[in-house]
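Visitor: So the sequence shown is numbered by the numbering used here: it starts at 339 and just counts up by one. We put the CB at the ideal spot given by N, CA and C, even for glycine.
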Amino acid sequence: MRIDPARAATLVSQLSSVQQRITALNAGRNVRLVAVSKLKPANDILALHQAPAQHQHFGENYAQELTQKAELLPRTIQWHFIGGLQSGHCKSLAKIPNLFCVSSVDTVKKANLLSNTRETLRSSDSAVPPLSVHVQVNTSGEDAKSGAQPGDETVALCREIVDKCPGLKLLGLMTIGAIARSKATTAETKNEDFVALKEQRNLVAEALGVEPASLELSMGMSEDFEGAIAEGSGEVRVGSTIFGQRPDRADAKIRV
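(1) Would Val533 pass as a contact of Met559 if the rule is Cβ separation under 8 Å?
(2) Are Leu411 and Cys428 close, meaning C-beta to C-beta below 8 Å?
(3) To the nearest angstrom, report how far apart Asn381 and Ala588 are at their CA atoms.
(4) If you measure between the beta carbons of Ile415 and Asn436, is that distance less than 8 Å?
(5) My output table needs one value for Arg575: the three-state DSSP class, helix, strand or coil.
(6) Output the boundary residues of the alpha helix (DSSP H) element that contains Gly565.
(7) Can you give me the C-alpha to C-alpha distance between Gln424 and Arg340, rounded to a whole angstrom?
(8) For Ser578, I'd like the list of residues in its chain whose CB is within less than 6 Å of its CB, leaving aside the five on either flank, ordered along the chain.
(9) On a Cα-Cα basis, can you pick out the residue from Tyr400, Ser478, Val446 and Asn399 that is closest to Ala518?
(10) Taking all protein chains shown into account, decide if Ser462 is buried (16 or more other Cβ within 10 angstroms of its Cβ) or exposed.
(11) Is the region 538-558 touching the region 344-351, taking contact as three or more C-beta pairs under 8 Å?
(12) According to DSSP, is Arg593 helix, strand or coil?
(13) For Lys376, which three-state DSSP category applies?
(14) Identify every run of the alpha helix (DSSP H) within the region 360-411, keeping only runs that are complete inside it and at least 4 residues long; order them along the chain.
(15) Whose CA, out of Ser453, Thr405, Glu409 and Ala449, lies closest to the CA of Ser430?
(16) In chain order, what residues of the same chain have a beta carbon less than 7 Å from the beta carbon of Leu363, not counting five sequence neighbours either side?
(17) Any heavy atom of the ligand MG closer than 7 Å to the Cβ of Ala494?
(18) Closer than 6 Å by C-beta to Lys376: which residues in its own chain qualify, once you throw out the five before and the five after it? Chain order, please.
(19) Between Trp417, Ala545, Gln402 and Lys483, which lies nearest to Asp311 when the distance is taken from Cα to Cα?
(20) Just verifying my parser: in three-state terms, what is the DSSP assignment at Gly426?
(21) Going by DSSP, what residues sit across from Gln474 in a beta bridge?
(22) How far does the beta strand (DSSP E) with Gln416 in it reach, from first residue to last?
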């Protein structure tokens, strides 16, 4: 696969800049950076996965695009599905052996579909780990947003994953939140959605009888990741700041 040296140098520099900003804020915690590569070619991903950057975690929003890229690129990549999860895509996603996490589980049905398919894959390849998942919580209450409702619905879904989904590992909770709140967020300004997700984590931890710190918070994107880290996020999802402006979906290419 051809990699343009000038493009690679730009990508590595932009990734490094984001990593430095994360390090300056993480107060000694490990914060996972998911480089959101949706609508970007596999060439860009390989440029960041190989030396010198050797970045591992990449996020995709579209199931078919993720499947195609996973077939082209090294299995050492740790993929994250971060888009709206449809029941019809659960089986194809769970079959990807190096899919590290699905960050948008919002119903019991989808959790069971992911778990059953992953268990079938693991029965034929013991090297494949359980699939990590975040439960997506609709902290903003917007009708257009996916996610379990805060409170009983979120707790019940987390309990289902822990008790009845052997193919899954509950990594924690995720939110996207309201765009207006995201744009107003800084490292010093609290985001109501981030505060709400922390409250939901405490509620789930109490219900499951575990320490809150054992459940990860996944919140923060290009515009607000510094504020998310300040609120305790263990994972941030950054795309355009690393890869630049995305093309229209109709113009996107899997490889160039």
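Guide: On the basis of the data shown:
(1) For the purposes of this step, residue 533 is identified with residue 195 of the sequence shown, where counting begins at 1. For the purposes of this step, residue 559 is identified with residue 221 of the sequence shown, where counting begins at 1. Cβ distance not < 8 Å, so Val533 and Met559 don't count as in contact.
(2) The residue labelled residue 411 in the question sits at position 73 within the sequence shown. The residue labelled residue 428 in the question sits at position 90 within the sequence shown. No, the pair does not count as a contact, with Cβ atoms beyond the cut-off.
(3) Taking the first residue of the sequence shown as position 1, residue 381 is located at position 43. Taking the first residue of the sequence shown as position 1, residue 588 is located at position 250. Cα-Cα distance, rounded: 18 Å.
(4) For the purposes of this step, residue 415 is taken as the residue at position 77 of the sequence shown. For the purposes of this step, residue 436 is taken as the residue at position 98 of the sequence shown. Yes, the pair counts as a contact, with Cβ atoms nearer than the cut-off.
(5) Start at 1 with the first residue of the sequence shown, and residue 575 comes out as number 237. Looking at Arg575 - three-state DSSP - the assignment turns out to be strand.
(6) Your numbering for residue 565 matches position 227 in the sequence shown. From DSSP, the alpha helix (DSSP H) with Gly565 extends over Phe563 to Ala568.
(7) Within the sequence shown, the letter at position 86 stands for residue 424. Within the sequence shown, the letter at position 2 stands for residue 340. The alpha-carbon atoms of Gln424 and Arg340 are separated by roughly 33 Å.
(8) Within the sequence shown, the letter at position 240 stands for residue 578. For Ser578, where only same-chain residues beyond five positions count, the Cβ hits under 6 Å are Ser560.
(9) Counted from its first residue, the sequence shown places residue 518 at position 180. Among Tyr400, Ser478, Val446 and Asn399, the Cα nearest to that of Ala518 belongs to Ser478.
(10) Numbered from its first residue, the sequence shown carries residue 462 at position 124. By the neighbour-count rule (16 or more Cβ atoms within 10 Å), Ser462 is not buried but exposed.
(11) no
(12) To locate residue 593, count along the sequence shown from 1; it is residue 255. Looking at Arg593 - three-state DSSP - the assignment turns out to be coil, as it is neither helix nor strand.
(13) In the sequence shown, residue 376 corresponds to position 38, counting from 1. Here Lys376 sits in coil by DSSP.
(14) 380-387 and 401-410
(15) Here residue 430 refers to the residue found at position 92 when the sequence shown is read from its first residue. Ranking the options by Cα distance to Ser430, first place goes to Thr405.
(16) To locate residue 363, count along the sequence shown from 1; it is residue 25. So the list reads Ala525, Glu564, Ile567 and Ala568, once near-sequence residues are dropped.
(17) As presented, the structure is devoid of all ligands, the ligand MG included, so that no description of it is given.
(18) On the sequence shown, residue 376 is found 38 positions in, with the first residue counted as 1. Within the same chain, Lys376 has close Cβ partners Glu398 and Asn399.
(19) One cannot answer for residue 311 here, as it falls past the ends of the chain, which runs 339 to 594.
(20) On the sequence shown, position 88 is the one that residue 426 refers to. Helix.
(21) Counted from its first residue, the sequence shown places residue 474 at position 136. According to DSSP, which records beta bridges pairwise, Gln474 is partnered with Met512.
(22) Translated into positions along the sequence shown, residue 416 becomes position 78. Gln416 to Phe419 is the span of the beta strand (DSSP E), which, as asked, contains Gln416.
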